[in-house]
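For what it's worth, this note's numbering labels the leading residue of the sequence shown as -14, then goes sequentially.
Glycine is no exception: its CB is placed at the ideal position from the N, C-alpha and C atoms.
No experiment lies behind these values; they were computed from the predicted model shown.
Notes for the one structure printed next.
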Amino acid sequence: MGYGIAKEYEGNGLAFNMCNTAIDYALHTLKLHRIMANYMPSNLRLEKLLNRLGFVKEGLAHEYLKIAGKWEDHVLTSLTSKQCASHRKYRTKRCYVF
C-alpha cells in the first residue's frame, strides 16, 4: 500500500482517511486477507500513521529499495483482516474478517 499527499495538505488527516478507505476496500470488496506497507526507518510520520491504522511491524529489510541511487532499508509492516477487526476502535469504518 502506498500514498502521497501534497505538502500543503499534510497534517489534516487526509492520509489516515485515504488509507482507512483503501484498507476497507482491500479487505471487504477485494476480500484480501493481508495488506503490507513498508517505510524507511527515518519516516516517523508514516510509522505513527501505520501504527494508528493497526499495522504490525514484522521486521527490517536491509537494502530493500534503491532510492536516488542508494539502497535504503525499510521497516516491513502488515495488517490482516483479523488484526483489523480487533483494532477497529481506532478506525472510522468497519473491518471484515474472511
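query                                                                                            : result
For MET25, the first and last residue of its enclosing alpha helix (DSSP H)                      : Unbroken run through MET25: none, as it is neither H nor E.
Supposed close pair LEU38, ILE8 - CB separation, criterion 8 Å                                   : 7 Å
Contacting residues, own chain, Cβ-Cβ under 7 Å from LEU17 (five flanking each side not counted) : ALA11
Beta-carbon spacing of LEU64, ILE20 below 8 Å                                                    : yes
LYS67: first and last residue of the uninterrupted alpha helix (DSSP H) it sits in               : 66 to 71
Where SER27 falls, given that 16 or more other Cβ within 10 Å makes a residue buried             : exposed
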